[in-house]
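Participant: Take a look at the following structure, please.
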Amino acid sequence: MAAQRTGADPRETVAALRRLGINADASVRRRAEYSSDASLYRVIPAAVAFPRHIDEIAAIGEVSRSLGVPLTARGAGTSIAGNAVGSGIVVDFSRHLNQIRDLDPESRTAVVQPGVILDDLQRAAAPYGLRFGPDPSTHSRCTIGGMIGNNACG
Numbered sequence: 019m020a021a022q023r024t025g026a027d028p029r030e031t032v033a034a035l036r037r038l039g040i041n042a043d044a045s046v047r048r049r050a051e052y053s054s055d056a057s058l059y060r061v062i063p064a065a066v067a068f069p070r071h072i073d074e075i076a077a078i079g080e081v082s083r084s085l086g087v088p089l090t091a092r093g094a095g096t097s098i099a100g101n102a103v104g105s106g107i108v109v110d111f112s113r114h115l116n117q118i119r120d121l122d123p124e125s126r127t128a129v130v131q132p133g134v135i136l137d138d139l140q141r142a143a144a145p146y147g148l149r150f151g152p153d154p155s156t157h158s159r160c161t162i163g164g165m166i167g168n169n170a171c172g
């Protein structure tokens, strides 16, 4: 399948993100890396953003809205349905937003950032006799955010 291109200007998009202090890349190499996931789909994004905290996610959303550029959330890119590719700003949550914030065995809950790898959460929960239910074949590399976005059940 041939890669689709966006009408968004990569330089304008990445410049707007960087003005807000957001780590973003619109190099040919980076855009090629993020043009695919585990599916057959190929869509070249205008830019890739790597938010470091929640406030940056909101700022990326504002840039997306103001430029009229679509936004695609991405975990590990393990989806075989094309969920992790898009023509606008691809937001990679796996690089920086990958912490388990809280694990409460008494309430049997966890608070995690979207880039947490499933196996990391399972390892953290195991000493308490707990586990997160879904068991996809990509458990060693898929992220919790990506699983939610893909409605993964395993």
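Counting in my numbering, the sequence shown runs from 19 upward without gaps. Even for Gly, the Cβ is constructed at its ideal location relative to N, Cα and C.
(1) With DSSP run on the structure shown, which of helix, strand or coil describes Met-19?
(2) In whole angstroms, what is the alpha-carbon distance linking Leu-35 and Pro-132?
(3) Please identify the residue among Ser-125, Ile-162 and Pro-69 whose C-alpha is closest to the C-alpha of Gln-235.
(4) Helix, strand or coil for Arg-113 per DSSP?
(5) With a threshold of 6 Å on Cβ separation, who are the neighbours of Ala-128 within its own chain once the five nearest residues in sequence on each side are excluded?
(6) Going along the chain, which residues of its own chain have a beta-carbon closer than 7 Å to the beta-carbon of Ala-56, five neighbours each way excluded?
(7) When the Cα atoms are used, what is the spatial distance from Asp-43 to Val-130?
(8) Any idea which residues DSSP pairs Ile-118 with across the strands?
(9) Put Val-32 into one of helix, strand or coil per three-state DSSP.
(10) May I have the straight-line CA-CA distance separating Ala-77 from Ser-105, to the nearest angstrom?
(11) Per DSSP, which residues does Asp-43 bridge with? Please list them.
(12) Rounding to the nearest angstrom, what Cα-Cα distance links Leu-148 and Ile-118 in this structure?
(13) Note the first and the last residue of the continuous alpha helix (DSSP H) segment covering Leu-89.
(14) Buried or exposed for Ala-26, going by 16 or more other Cβ atoms inside 10 Å?
(15) In whole angstroms, what is the alpha-carbon distance linking Ile-72 and Leu-89?
Facilitator: Put simply:
(1) The count along the sequence shown starts at 1 and reaches residue 19 at position 1. At Met-19 the pLDDT is 49, less than 50, meaning the model places this residue with poor confidence; the figure from the coordinates comes in the next sentence. It is coil, neither helix nor strand.
(2) Counting from one through the sequence shown, the residue named residue 35 turns up at place 17. Counting from one through the sequence shown, the residue named residue 132 turns up at place 114. Roughly 20 Å between the two C-alpha positions.
(3) The chain is shown only over 19 to 172; residue 235 falls outside these bounds and no answer can be derived.
(4) Here residue 113 is taken as the residue at index 95 of the sequence shown, counted from 1. Of the three classes helix, strand and coil, the one that applies to Arg-113 here is coil, per DSSP.
(5) Here the question's residue 128 lines up with position 110 in the sequence shown. So the qualifying residues of the chain are Leu-121.
(6) In the sequence shown, counting from the first residue as 1, residue 56 sits at position 38. If we look at Ala-56 and ignore the five residues flanking it on each side, its Cβ neighbours are Gly-95, Thr-96, Ser-97 and Ile-98.
(7) In the sequence shown, counting from the first residue as 1, residue 43 sits at position 25. In the sequence shown, counting from the first residue as 1, residue 130 sits at position 112. Whole-angstrom Cα-Cα distance: 26 Å.
(8) Indexing the sequence shown from 1 puts residue 118 at position 100. Its beta-bridge partners are Val-130.
(9) If you number the sequence shown from 1, residue 32 lands on position 14. DSSP, reduced to helix, strand and coil, places Val-32 within a helical segment of the structure shown.
(10) Residue mapping note: residue 77 aligns to position 59 of the sequence shown, counting from 1. Residue mapping note: residue 105 aligns to position 87 of the sequence shown, counting from 1. The alpha-carbon atoms of Ala-77 and Ser-105 are separated by roughly 18 Å.
(11) Locating residue 43 in the sequence shown gives position 25, where the first residue counts as 1. Beta-bridge pairing links Asp-43 to Val-66.
(12) Along the sequence shown, one-based indexing puts residue 148 at 130. Along the sequence shown, one-based indexing puts residue 118 at 100. Approximately 15 Å between the Cα atoms of the pair.
(13) Within the sequence shown, numbered from 1, the residue matching residue 89 stands at position 71. Counting along the chain, Leu-89 falls outside any alpha helix (DSSP H), though it belongs to the beta strand (DSSP E) covering 89–92.
(14) Start at 1 with the first residue of the sequence shown, and residue 26 comes out as number 8. Looking at its Cβ environment, which holds 16 or more other Cβ atoms inside 10 Å, Ala-26 is buried.
(15) Here residue 72 refers to the residue found at position 54 when the sequence shown is read from its first residue. Here residue 89 refers to the residue found at position 71 when the sequence shown is read from its first residue. Going by the C-alpha atoms only, they are around 15 Å apart.
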